[in-house]
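Novice:
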Amino acid sequence: MKKIILIVLFLAIVYSCQSDDSGSNMEDTEDNSSNENENNEEEIFDLNLEFVIDENPQNDQSIGILTVENSEGESSYTIISEEHEGAINLDTSTGEVTVADRSFFDFEQHTQLEAVYEYTDNLGTRMINLIINISDIVEEQLILDYIERFWSGTSANFIFESNRLKSYHFQGGSSGCSTELEYEGDRIVFIDYNCGGSPGWGVYSDIWLTYNSNNEISNIETSSYNTELGQTFVQYFNLVWSGNRLDMTETISGDQWEIEFDDDFKVLSYIYNGIITNYTYSNSNLIEISSSNGFNAHLEFDTANNPLKNPLYQDLVWIDLFTHLSWGYNINIVNYYPDHELTNTNNVVYRQLNNSTRYYEYDYNPNNYPVIQWELDGVKFREYYYIE
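Each residue of the sequence shown is one higher than the one before, counting from 179 in my numbering.
(1) Determine the burial state of Gln413: buried for a count of at least 16 other Cβ atoms within 10 Å of its Cβ, exposed for fewer.
(2) Whose CA, out of Cys355, Tyr361 and Glu394, lies closest to the CA of Trp379?
(3) Tell me which same chain residues have a C-beta within less than 8 Å of the C-beta of Tyr528, skipping the five on either side of it?
(4) Let me know the secondary structure DSSP gives Ser376 once reduced to three states.
(5) Would you mind listing the alpha helix (DSSP H) stretches within the segment 341 to 403 that are 4+ residues and don't spill past its ends, in chain order?
(6) Could you tell me which residues DSSP puts in a beta bridge with Leu268?
(7) Considering only C-alpha positions, which residue in the set Leu301, Val246 and Ile312 is nearest to Ile266?
(8) Quick check on the burial criterion: 16 or more other C-beta atoms within 10 angstroms. Buried or exposed for Ser383?
(9) For a test of the three-state rule: what should DSSP assign to Leu424, helix, strand or coil?
(10) Among Glu436, Leu417 and Glu438, which residue has its Cα nearest to the Cα of Thr429?
(11) Give every residue of the same chain whose Cβ lies closer than 6 Å to the Cβ of Thr427, excluding the five residues on either side of it in the sequence, and list them in chain order.
(12) Provide the residue(s) that pair with Glu478 in DSSP beta bridges, ordered along the chain.
(13) Quick check on the burial criterion: 16 or more other C-beta atoms within 10 angstroms. Buried or exposed for Asn226?
(14) Can you tell me where the beta strand (DSSP E) holding Phe282 begins and where it ends?
(15) Determine whether the beta carbon atoms of Ile306 and Val294 lie at a separation below 8 Å.
(16) Who are the Cβ neighbours of Val277 in its own chain at under 6 Å, not counting the five residues just before and after it?
(17) Looking at the structure shown, is Lys558 part of a helix, part of a strand, or coil, going by DSSP?
(18) Note down, in chain order, each residue of its chain lying with its Cβ closer than 6 Å to the Cβ of Glu220, except the 5 sequence neighbours on either side.
(19) Locate the beta strand (DSSP E) running through Ser240, then write down its first and last residues.
(20) At a threshold of 7 Å, does Asn248 count as lining the ligand PLP (C-beta to nearest heavy atom)?
(21) Answer yes if the segment 334 to 341 comes into contact with the segment 272 to 286, meaning at least three C-beta pairs across the two stretches below 8 Å, and no otherwise.
(22) For Val549, which residues in the same chain have their Cβ closer than 6 Å to its Cβ, ignoring the five residues on either side in sequence?
(23) Looking only at its chain, what residues have a beta carbon closer than 8 Å to the beta carbon of Asp323, apart from the 5 residues adjacent to it on each side?
(24) If the criterion is Cβ atoms closer than 8 Å, does the pair Leu343 and Tyr297 meet it?
(25) Which of helix, strand or coil does DSSP assign to Leu322?
(26) Taking all protein chains shown into account, do 16 or more other C-beta atoms lie within 10 angstroms of the C-beta of Asn483, making it buried, or fewer, making it exposed?
(27) DSSP has Asp232 in a bridge; who is on the other side?
(28) Starting from the Cα of Asp370, find the closest Cα among Leu387, Val526 and Asp364 and give me that residue.
(29) Report the rounded CA-to-CA distance for Ser431 versus Gly375, giving the unit in angstroms.
(30) Does the Cβ of Gly273 have 16 or more other Cβ atoms within 10 Å, making it buried, or fewer, making it exposed?
(31) At the level of alpha carbons, what is the spacing between Ser396 and Glu436?
(32) Does the Cβ of Phe282 have 16 or more other Cβ atoms within 10 Å, making it buried, or fewer, making it exposed?
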């Protein structure tokens, strides 16, 4: 159900905040003068410092030193708060700030990092508000043509029209799937999904999407013909949005799903059939899934560029969600665990743990994009091909 949350990334509700400014009493000039003096004194002790660093630095790279004027005697620095814990390191003796985790320094993810520190010397304590501005470096964003998985003879390729994903084709051994998308503006309104293999087996699905006035998906209708069973299955899904929560009901069976999101519309928890699944993220990557039925999965990442974070591929998440719906499955996320990078937007997976351990090594091109993924036993697992 991780896939469902990614839908919401394209249907985000914009929140706004308003604040009221109160006027000051201009009649009391003595109070005004007193306030100005107090503000001037505060500026001596409460420091606002800004550093600038290019995106994608190296770990342990120096960002700057928290310099406090008019210091006296021995001094030290204390961390009060960090907006993104684990992103930066502070030398509490020298005040030097360095990169702790370079993955946070991606301009497309964060343009600023903030932290508050306390500086103590013989003159007392001063609060330092630090802002680190991350500079954008224009990268050549490679367009992935197809992926080939050698261990099963599987390949996947993508076709684009007018900067939108038009179709997606998957071939694995004797079976394969083809998906075609239709749009109205930026919204997917129809998916044609066909999948089949050995004689007598195939699923042919039509999927229609309806939106409400808030540009949120409100209804999904699927019609799927199963050649093996010789039957057509029809489903109707009703979606109700309430802030950071989605309630989804299949109107024929009565099956219900409840999903809670964070403010970036990534799934935090998912409830279906009495099972609660929780999700943990780090820098836009899904790093852990844990469920009340005992399921647990953990992902770790390399710092290479993930080609599938290109916005051209954003609709892959729709394909995965709605084609699963069209099969008539009871969607239970704890039974579906990705072994690919589609659910992770920043870096590429190099290790996954879920009742088994899989490690990878990569060969990269000069743009730091993966071209070959190896398993540690020397078996070529995937090869990535890019549009020239």
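Glycine included, each C-beta is placed from N, C-alpha and C at the ideal position.
Remember, predicted model here, so these are calculated numbers, not experimental data.
Specialist: Checking against the coordinates, here is how it stands:
(1) buried
(2) Cys355
(3) Glu478, Phe479, Asp480, Tyr537, Tyr538, Glu539 and Tyr540
(4) coil
(5) none
(6) Val275
(7) Ile312
(8) buried
(9) strand
(10) Leu417
(11) Asn416 and Gln434
(12) Arg529
(13) exposed
(14) Note, Phe282: premise wrong, no beta strand (DSSP E); not H, not E.
(15) yes
(16) Pro235, Asn237 and Gln239
(17) strand
(18) Reliability fails at Glu220, whose pLDDT of 43 lies under 50, so the model's placement of it is uncertain and the value that follows must be treated cautiously. Nothing meets the Cβ criterion.
(19) Ser240 to Ile243
(20) In terms of ligand content, the structure shown is empty, and the ligand PLP therefore cannot be addressed.
(21) no
(22) Asp541, Asn543 and Tyr562
(23) Asn335, Phe336, Tyr563, Tyr564 and Ile565
(24) no
(25) strand
(26) buried
(27) Ser313
(28) Leu387
(29) 29 Å
(30) buried
(31) 15 Å
(32) buried
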